[in-house]
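Report on one structure; see the data block that follows.
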Amino acid sequence: MKRKSYITLSLVLLLGAGSVLSGCSSKEAGATGEQVITVGTQNDYPPFAFADENNELTGYDVEVVKAVDEKLDGYTFEFTAVPWDSMFLALESNKIQAIADQVAKTPERQGKYLFTDESYFAAETVIAVKSGRKDIQTIKDLEGKKIGALAGDSYTLLLEEYNKKAAKPIDLKYSESGNPSEILQDVQNGRIDAYVNDPIMIDAVLEKNDLDVEIVGQPLVNDDMGIVLKKGEQGEELKALIDPILEELKQDGTLAELSKKWTGGEYIPE
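The sequence shown lines up with residues -22 to -1, 1 to 248 when you count with mature numbering (1 follows the signal peptide of the UniProt record, and there is no 0).
In structure tokens:
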């Protein structure tokens, strides 16, 4: 088992950069004989991926990848913060080679990108509204109302798909900042009616910012999250190596332990 340190970056706008900056130089990585894989994740999506008080990326998704890396020879994973709306473009342009950012395995994404067969988190999708509001409990109750959205995430895709058949479309208000905490502040302040996302992230943001917002109704759907890789020979090789390690981490209790540490519960797929 290899030992290593992870040096994490502050936010890098990858698409505007000529090359990917990483926590150590390619020359240093080359001295280890291992190939560097740059993993993109957000810096504002607690408790899964966020920048801590030292501006280092941490959270459940980051620690899962680090646990995989500890068992994987021949490669070194380094992390860089990428805005959600740039994440897949960065992967397609090879500025990053993997994503660990609570990415649900939707059919559309699986057609474009390479996912690990093994999932590392079982997520729910819920509705958050201003505390005390009673008129919203289900996805149908969102029809005609203003709902915060992040372009391209699985929660927004769910609502966009619903709109194709809705009697009255949901009025999706796409966030320019791409920051879930700002969307939840808009819910509290009445600028939008609701937000649809993961309950664990929502609860973490509400607690941190002391927002007067609550989760209502029953979960809309359940999703399994996987590590996303760039299609191609390298991605296929990594997938073949990562899948058995994720299975091992599931069977030996590592994933459950990390899930309890970061989320308070064991949200591990069957």
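A virtual CB, placed ideally from N, CA and C, is assigned to each residue, including glycine.
Local conformation of leucine 207 per DSSP, three classes: Residue 207 sits at position 229 when you count from the first residue of the sequence shown. Leucine 207: strand per DSSP, three-state reduction.
Straight-line Cα distance separating leucine 92 from valine 165: One-based indexing of the sequence shown puts residue 165 at position 187. One-based indexing of the sequence shown puts residue 92 at position 114. A direct Cα-Cα distance of roughly 35 Å separates valine 165 from leucine 92.
Between the CA atoms of lysine 112 and glutamate 70 - distance to the nearest angstrom: As a first step, residue 70 must be located in the sequence shown, where it is residue number 92. As a first step, residue 112 must be located in the sequence shown, where it is residue number 134. Roughly 43 Å between the two C-alpha positions.
Three-state secondary structure (DSSP) of residue 302: Look at the range of the chain in this structure, -22 to 248, and you will see that residue 302 is not part of it.
Presumed contact (8 Å Cβ cut-off) between methionine 203 and phenylalanine 99, rounded CB distance: Indexing the sequence shown from 1 puts residue 203 at position 225. Indexing the sequence shown from 1 puts residue 99 at position 121. That belief holds up - the Cβ atoms of methionine 203 and phenylalanine 99 are roughly 4 Å apart, short of 8 Å.
When Ile117, Gly213 and Asp181 are compared against alanine 144, the one with the closest alpha-carbon: Taking the first residue of the sequence shown as 1, we reach residue 144 at position 166. Comparing Cα-Cα distances from alanine 144 to each of Ile117, Gly213 and Asp181, the minimum goes to Ile117.
C-alpha distance - lysine 238 paired with glutamine 229, whole-angstrom precision: On the sequence shown, residue 238 is found 260 positions in, with the first residue counted as 1. On the sequence shown, residue 229 is found 251 positions in, with the first residue counted as 1. C-alpha separation (whole angstroms): 15 Å.
Three-pair Cβ contact test at 8 Å for the region 81 to 91 versus the region 180 to 194: The region 81 to 91 is not in contact with the region 180 to 194.
Range of the contiguous beta strand (DSSP E) that encloses asparagine 175: The residue labelled residue 175 in the question sits at position 197 within the sequence shown. For asparagine 175, the enclosing beta strand (DSSP E) stretches over residues 172 to 175.
Euclidean distance between Cα positions of proline 177 and valine 104: Position 199 of the sequence shown, counted from the first residue, corresponds to residue 177. Position 126 of the sequence shown, counted from the first residue, corresponds to residue 104. Taking the straight line joining both Cα atoms gives about 6 Å.
Ranges of the beta strand (DSSP E) found wholly within the region 79 to 113, counting only runs of at least 3: The region 79 to 113 contains these whole beta strand (DSSP E) runs: 99 to 108.
First and last residue of the uninterrupted alpha helix (DSSP H) at lysine 238: For the purposes of this step, residue 238 is identified with residue 260 of the sequence shown, where counting begins at 1. Start and end: 232 to 241.
Burial state of serine 153 (16 or more Cβ within 10 Å): Looking up residue 153 in the sequence shown gives position 175. Buried: at least 16 other Cβ atoms inside 10 Å.
Cβ shell of proline 25 (< 8 Å), same chain only, five flanking positions each side left out: Counted from its first residue, the sequence shown places residue 25 at position 47. Gly37, Tyr38, Ile178, Met179, Ala182, Trp240 and Thr241, listed in sequence order.
Buried/exposed call for proline 222, threshold 16 Cβ in 10 Å: Indexing the sequence shown from 1 puts residue 222 at position 244. So proline 222 ends up on the exposed side.
Host alpha helix (DSSP H) of glutamine 163 (start-end): Sequence index remark: in the sequence shown, residue 163 carries index 185 (1-based). Counting along the chain, glutamine 163 sits inside the alpha helix (DSSP H) bounded by residues 158 to 167.
For leucine 198, three-class secondary structure by DSSP: For the purposes of this step, residue 198 is taken as residue 220 along the sequence shown, with counting starting at 1. It is a strand residue.
Boundaries (first-last residue) of the alpha helix (DSSP H) holding valine 42: Here residue 42 refers to the residue found at position 64 when the sequence shown is read from its first residue. Note, valine 42: alpha helix (DSSP H), 38 to 49.
Three-state secondary structure (DSSP) of residue 257: There is simply no residue 257 to check, as the chain begins at -22 and stops at 248 in what is shown.
Endpoints, the alpha helix (DSSP H) within which alanine 68 is located: Start at 1 with the first residue of the sequence shown, and residue 68 comes out as number 90. According to the DSSP assignment, alanine 68 belongs to the alpha helix (DSSP H) that extends over 65 to 70.
Burial state of aspartate 22 (16 or more Cβ within 10 Å): Counted from its first residue, the sequence shown places residue 22 at position 44. With 16 or more other Cβ atoms within 10 Å, it is buried.
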